[in-house]
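In terms of my numbering, the sequence shown is numbered consecutively and its last residue is 458. Backbone N, C-alpha and C define an ideal beta-carbon position, used for all residues, glycine too. Computed from a prediction, not measured in an experiment: that's the story for all the values here. Working notes, beginning with the structure itself.
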Amino acid sequence: MFELMMNGVGDAFSRIHWGTSFLLRRDGFVLAVDCPDSYRRALLENGFPKEDGEPIDVGDIDAMILTHLHGDHVNGLEMVACFKRFAFGAPLTLYTSPEAEADLWERRLQASLGVLYDGTDWVPQRREDFLDVTVMEWGEPIQIGPFTITTRPTVHHLKATAMRITDGESTLGYSCDTAFDPELIDWLSDADLILHETSMGPAHTPIDKLAGLDASIRDKMLIGHYPDAFAGTEIGGLTLAIQGQTYDVGGQNH
Ligand SMILES: [Zn+2]
């Protein structure tokens, strides 16, 4: 059993939720998935407690997975990486797909982080000054702390990273951003808990498609990445993930 802490549950345009991201914790190891806008503020507001009772912050994150380069998943990374470097003197440990790795620095972060003024000179910066990046090859299990993770590219504008994440006892399935894809749901179907997205547009999953799934799947499914209009509503036997809530993967509280 391990913990799933929902740091945000909103879609890309939400005004009432933080963008969808979450933390997993097992034996004190904290694995973060995605880094939307206002990341540290979301962590502070949610207040997921550490052993000492203080809220989890960026310095407590052992590793982060970046699922793809859409802003609602990556916009917070620039300042989180800066904070990690300048407050802790260490790069952020980051895992991502081959496609996101290829573009993350040169096409996204280098424009703003590529040069620093040190009081005298403008000093060129390298990716590794901010980020310690490991590529997750599609379909090849990778060990991150106590978790073994297998990835699968989704049907989306960009290849996003669906995952099966296990601690050897329990498994979380995560759809990430995806068009409705029965093969993906089948790939996730034997997980103890499935976190699935819903949103508008052809590259996302309509809620009625999820409501039409077998009860055996629906009953262990949490819905994230949802539009504001869904908040607080009851939709076809589905359970909306609640921002700030912690779920036990392999436990009974979902
Ligand atoms: Zn996306």
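Problem set entry | Cβ pair ILE369, ILE411 closer than 7 Å | no
For this session: Return yes when the C-beta of HIS408 is under 6 Å from any heavy atom of ligand 1, and no when it is not.
Result: no
For this session: Assign VAL327 to buried or exposed, taking buried as 16 or more other Cβ atoms, counted over all protein chains shown, within 10 Å of its Cβ.
Result: exposed
Problem set entry | PRO386, DSSP secondary structure in three states | helix
Exercise. Three or more beta-carbon pairs under 8 Å between the region 329–343 and the region 377–392, yes or no?
Worked result: no
For this session: Say yes only if the C-beta of HIS221 is nearer than 6 Å to one or more non-hydrogen atoms of ligand 1, and no if none qualify.
Result: No; taking the cut-off as 6 Å, the Cβ of HIS221 has no heavy atom of ligand 1 nearer than that.
Problem set entry | Per-residue burial, THR437 [other beta carbons within 10 Å of its own, 16 or more giving buried] | Exposed.
Exercise. Whose CA, out of PRO350, ASP396, MET210 and ALA383, lies closest to the CA of ALA246?
Worked result: Closest option to ALA246, judged by alpha-carbon separation, among PRO350, ASP396, MET210 and ALA383: MET210.
Exercise. For VAL319, does the count of other Cβ atoms within 10 angstroms reach 16, so buried, or fall short, so exposed?
Worked result: exposed
Problem set entry | GLY441, DSSP secondary structure in three states | coil
For this session: Tell me, please, whether the region 223–241 touches the region 255–265 by the rule of three or more beta-carbon pairs shorter than 8 Å.
Result: Contact holds: three or more Cβ-Cβ distances are below 8 Å.
For this session: Go through its chain and collect everything with a Cβ distance to THR354's Cβ below 6 Å, but skip five positions before and after it.
Result: PRO345 and ARG368
For this session: Decide if SER420 is buried, meaning its Cβ has at least 16 other Cβ atoms within 10 Å, or exposed.
Result: Exposed, because fewer than 16 other Cβ atoms sit within 10 Å of the Cβ of SER420.
For this session: Specify which residues have a beta carbon nearer than 5 Å to any heavy atom of ligand 1, listing them in chain order.
Result: HIS274 and ASP381
Exercise. Cα separation between LEU426 and PHE290?
Worked result: Roughly 36 Å separates the two Cα atoms.
Exercise. For chain C, is any of its Cβ atoms less than 7 Å away from the one on GLU341?
Worked result: As a matter of chain content, chain C is missing from the structure shown, which is built from one protein chain.
Problem set entry | Proximal residues to ALA407 (C-beta, below 6 Å), its chain only, five neighbours per side dropped | HIS360, HIS361 and ALA383
For this session: Could you pull out every residue in the same chain whose Cβ sits closer than 7 Å to the Cβ of PHE233, ignoring the five residues on either side in sequence?
Result: ASP266, GLY349 and PRO350
For this session: Return the residue from the list MET404, ASP418, GLY455 and VAL237 that minimises the CA-CA distance to ALA216.
Result: MET404
Problem set entry | Of the listed residues ARG244, THR409, LEU248 and GLY455, nearest to LYS288 (C-alpha basis) | ARG244
Exercise. What are the boundary residues of the beta strand (DSSP E) that includes PRO302?
Worked result: That residue, PRO302, is in no beta strand (DSSP E); its alpha helix (DSSP H) goes 302–308.
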